[in-house]
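In my numbering, the protein residues as written are 153 to 318. Beta carbons: idealized from backbone N, C-alpha and C, even for Gly.
Structural data, given as structure tokens:
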């Protein structure tokens with residue numbers, strides 16, 4: 153299965169169930185995201201609808217009817233920080249290492265540029281060196297570290313904060 157068989161496109165409301173399944177798969181790995189299981193269908197639908205309504209970039213990677221990755225960029229709701237946004241993303245395990253994450257991020261960042269965003273930030277766990285390398289390759293800058301910012305099953309990990317200026 154080549155990465156060219158995977159399409160990158162903006163999310164649609166009809167994607168809610170497939171998105172939830174994708175997010176849940178990544179969350180249940182318990183390594184990369186802050187939550188360990190996906191939100192309800194209703195919560196996922198509200199999140200997608202809000203992103204669409206507020207024109208927050210929200211892109212998905214699809215392989216046939218299945219969503220295998222996502223990238224969303226949510227504008228900060230605080231008025232003096234409305235030029236800032238937070239990026240969230242994930243790719244299903246069996247699709248990693250094929251350039252899909254990079255394609256998703258680049259599409260979402262270009263959309264953010266068009267929407268007038270100026271600053272996109274994210275956090276990544278120190279042990280997630282593969283994602284950290286991807287973000288640096290795209291041009292994210294290291295902004296700081298929350299030492300022992302993650303604790304799961306009694307184990308700590310540092311949280312690296314990165315930023316990208318549009």
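Check whether residue i and residue j have beta carbons under 9 angstroms apart
{"i": "residue 240", "j": "residue 286", "result": "no"}
{"i": "residue 276", "j": "residue 315", "result": "no"}
{"i": "residue 213", "j": "residue 243", "result": "yes"}
{"i": "residue 122", "j": "residue 269", "result": "Past the edges of the chain, shown from 153 to 318, lies residue 122, and the structure says nothing about it."}
{"i": "residue 163", "j": "residue 171", "result": "yes"}
{"i": "residue 227", "j": "residue 206", "result": "yes"}
Secondary structure of residue i, DSSP reduced to three states
{"i": "residue 253", "result": "helix"}
{"i": "residue 318", "result": "coil"}
{"i": "residue 308", "result": "strand"}
{"i": "residue 239", "result": "strand"}
{"i": "residue 185", "result": "coil"}
{"i": "residue 166", "result": "helix"}
{"i": "residue 180", "result": "coil"}
{"i": "residue 274", "result": "strand"}
{"i": "residue 263", "result": "helix"}
{"i": "residue 232", "result": "helix"}
{"i": "residue 194", "result": "helix"}
{"i": "residue 289", "result": "helix"}
{"i": "residue 157", "result": "helix"}
{"i": "residue 300", "result": "strand"}
{"i": "residue 244", "result": "coil"}
{"i": "residue 207", "result": "coil"}
Buried versus exposed, by CB contacts within 10 Å (16 or more), residue i
{"i": "residue 260", "result": "buried"}
{"i": "residue 187", "result": "exposed"}
{"i": "residue 294", "result": "exposed"}
{"i": "residue 167", "result": "buried"}
{"i": "residue 209", "result": "buried"}
{"i": "residue 317", "result": "exposed"}
Straight-line Cα distance separating residue j from residue i
{"i": "residue 312", "j": "residue 278", "result": "6 angstroms"}
{"i": "residue 263", "j": "residue 255", "result": "12 angstroms"}
{"i": "residue 155", "j": "residue 250", "result": "Here residue 155 scores only 47 on pLDDT, less than 50, and its place in the model should not be relied on; the value that follows carries that caveat. Approximately 6 angstroms between the Cα atoms of the pair."}
{"i": "residue 274", "j": "residue 175", "result": "17 angstroms"}
{"i": "residue 219", "j": "residue 284", "result": "23 angstroms"}
{"i": "residue 179", "j": "residue 231", "result": "31 angstroms"}
{"i": "residue 225", "j": "residue 281", "result": "21 angstroms"}
{"i": "residue 199", "j": "residue 238", "result": "14 angstroms"}
Anticipated Cβ contact below 8 angstroms, residue i with residue j, distance rounded
{"i": "residue 300", "j": "residue 308", "result": "4 angstroms"}
{"i": "residue 165", "j": "residue 190", "result": "Contact doesn't hold; Cβ gap of about 17 angstroms is too wide."}
{"i": "residue 247", "j": "residue 221", "result": "6 angstroms"}
{"i": "residue 215", "j": "residue 158", "result": "5 angstroms"}
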